[in-house]
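**Q** Take the sequence shown: its letter number 37 is residue 1324 in our numbering, and every next letter is one higher. All C-beta atoms, glycine included, are put in the ideal place defined by N, C-alpha and C. As the structure is a computational prediction, the values presented were derived from the model and not from experiment.
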Amino acid sequence: MASYDVVVLGGGPAGSAAALALMQVRPELRVALVEASSFERPRIGETLAPGGRQLLEGLGVWQRVRGCALESFATSAVWGSDERHDNEFLFSARGNAWHVERSAFDAALADCAAASGVAVHLRTRFVASLRRAGGRWELVLARSGGGTPANAGEPFACDASVVIDATGRNACFASRQGAGRIVDDRLCGLVMTFRAPRAADPATLVEAAEDGWWYSAAIPSERIVAAWMSDADLIRRAGLKEATRWIARLETSRETSARLAGCTPETSVSVWSARSQRLARIAGDRWLAVGDAASAFDPLSSAGILKALYTGKVGAFAVLDLLGGNPRGFERYRTHVAAEYAAYLTTRTWFYDQERRWPHAPFWSRRQVPAPAAAARG
1288 MASYDVVVLG
1298 GGPAGSAAAL
1308 ALMQVRPELR
1318 VALVEASSFE
1328 RPRIGETLAP
1338 GGRQLLEGLG
1348 VWQRVRGCAL
1358 ESFATSAVWG
1368 SDERHDNEFL
1378 FSARGNAWHV
1388 ERSAFDAALA
1398 DCAAASGVAV
1408 HLRTRFVASL
1418 RRAGGRWELV
1428 LARSGGGTPA
1438 NAGEPFACDA
1448 SVVIDATGRN
1458 ACFASRQGAG
1468 RIVDDRLCGL
1478 VMTFRAPRAA
1488 DPATLVEAAE
1498 DGWWYSAAIP
1508 SERIVAAWMS
1518 DADLIRRAGL
1528 KEATRWIARL
1538 ETSRETSARL
1548 AGCTPETSVS
1558 VWSARSQRLA
1568 RIAGDRWLAV
1578 GDAASAFDPL
1588 SSAGILKALY
1598 TGKVGAFAVL
1608 DLLGGNPRGF
1618 ERYRTHVAAE
1628 YAAYLTTRTW
1638 FYDQERRWPH
1648 APFWSRRQVP
1658 APAAAARG
């Protein structure tokens, strides 16, 4: 049975950042990165917000992943009025944003982790865990098929001193330890990818509508990702999982439909959870969660990849403290993630409160602070 100091479950940006940070500080550690896929399927969450490049440079991997990214110089929004407002990053101290092709980006980060000495296990999923005498974790894993050896699918075991859960919103390991979720909305994204006839405007575009909002962003290889964001019950009621209805809804928009004019759909509609949520218990006995496993933000924040990289790195530092005999790093990490999420909720409410054109529409009324009675009376 393989034995590790740290096993990181999940090979997205948070997991790879955690593994890279561990090896950067203590290259003698035995670290494993376990990823259920081989990055062959499309992934969403393509915006690397300003500051992301600096984090990747700090991890020593920016030049390795630069080819997966398209620089974005601005964001545009039709929000709160019918006018389009542009916000350029020209004067941002943290530089421009970037749009990445997520599957390629995540694969490149995992390759960087492997090059640093991390044992990377692709097509391998977490099955179960057992706490052994002495405090170490025994993990049961299983390899999937797809051209792997004849024993593919058979479980095998490894052990670790510490486990980092970077398995995304499902928080597979933390959930098995009894950590519940605090969920603050029902937001979902219905996503399609389009082939553009020419290089597209790299700006992110957000456009509000009566029962949700549109998001679109150019990614490398002359493609555009577009998503309809609304609550799960409203999506079901409108039947928008069907491509024809999704396209029909798109045609009711002004800026987003104009942006996609002449583009060819490359994918069917895929459904992704975009709920604002966090774990009630972000860390436990010799384990902690990072990235979306710890807390997940509304895509309106454009913070997903940046937060994943940051919490992966900070979570790794907490693990290094623990391995060095100082358990207080875990408590500091728990406090930090909880405070960050509370601040995010305040900011999210403020942004949704700027859109007052449909005050009685369910989507908006669920997110907005009711106007004071005096103001309502005029």
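1. Candidates Gly1345, Gly1421 and Val1556: which alpha carbon is nearest Ala1305's?
2. Name the two residues that bound the continuous alpha helix (DSSP H) containing Leu1607.
3. In the DSSP assignment, find the unbroken beta strand (DSSP E) run with Ile1451 in it and report its ends.
4. Candidates Gly1571, Tyr1291, Arg1644 and Leu1320: which alpha carbon is nearest Gly1297's?
5. Taking Ala1444 as the reference, which of Tyr1639, Tyr1291 and Glu1509 has the closest Cα?
6. Helix or strand or just coil, what does DSSP make of Val1348?
7. With 16 as the cutoff for other CB atoms within 10 Å, does Leu1593 come out buried or exposed?
8. Going straight from the alpha carbon of Asp1398 to that of Ser1540, what length do you get?
9. Report yes if the C-beta distance between Glu1676 and Val1365 is below 8 Å; otherwise report no.
10. Could you tell me the distance, in whole angstroms, from the CA atom of Ala1458 to the CA atom of Arg1510?
11. Which residue from Tyr1631, Leu1632 and Thr1411 puts its Cα closest to that of Ser1324?
12. In the DSSP assignment, what residue or residues form a beta bridge with Met1288?
13. Could you give the residue range of the alpha helix (DSSP H) that holds Trp1651?
14. For the stretch 1356-1442, which segments carrying the beta strand (DSSP E) assignment without a break, of at least 3 residues, lie completely within its bounds, in sequence order?
15. Mind checking which residues open and close the alpha helix (DSSP H) that includes Thr1531?
16. Between which residues of its own chain and Glu1315 is the CB-CB distance below 6 Å, once the five residues before and five after are set aside?
17. Suppose contacts are defined by Cβ-Cβ distances below 8 Å. Is Val1577 in contact with Val1293 by that definition?
18. Classify Val1300 as buried or exposed, calling it buried when 16 or more other Cβ atoms lie within 10 Å of its own Cβ.
19. Would you call the stretch 1351-1371 and the stretch 1511-1530 in contact, with 3 or more CB pairs under 8 Å?
20. According to DSSP, Tyr1502 sits in a beta bridge with which residue or residues?
21. Would Arg1643 be called buried (16 or more neighbouring beta carbons within 10 Å of its own) or exposed?
22. Here's the rule I'm using: 16 or more other beta-carbon atoms within 10 Å means buried, otherwise exposed. How should Val1259 be labelled?
23. Ordered along the chain, which non-local residues of its own chain (more than five positions away) have a Cβ less than 6 Å from that of Arg1247?
**A** Let me spell this out:
1. Gly1345
2. Gly1591 to Leu1610
3. Pro1442 to Asp1452
4. Leu1320
5. Tyr1291
6. coil
7. buried
8. 40 Å
9. Residue numbering for the chain in the displayed model covers 1288 to 1665; residue 1676 lies beyond these limits and cannot be assessed.
10. 30 Å
11. When each option's Cα is compared against that of Ser1324, the closest is Thr1411.
12. In the DSSP assignment, Met1288 forms no beta bridge with any residue.
13. Pro1649 to Ser1652
14. 1356-1359, 1361-1365, 1372-1375, 1384-1387, 1406-1408, 1411-1418 and 1424-1430
15. Run containing Thr1531: Ala1530 to Leu1537, per the alpha helix (DSSP H) assignment.
16. none
17. no
18. With the sequence shown as reference, residue 1300 is identified as Pro, and Val is not the correct amino acid for it. Label assigned to Pro1300: buried.
19. no
20. Val1493 and Ala1514
21. exposed
22. The question about residue 1259 has no answer, for the chain in this structure spans 1288 to 1665.
23. Residue 1247 lies beyond the range of the chain shown here (1288 to 1665); nothing can be said about it.
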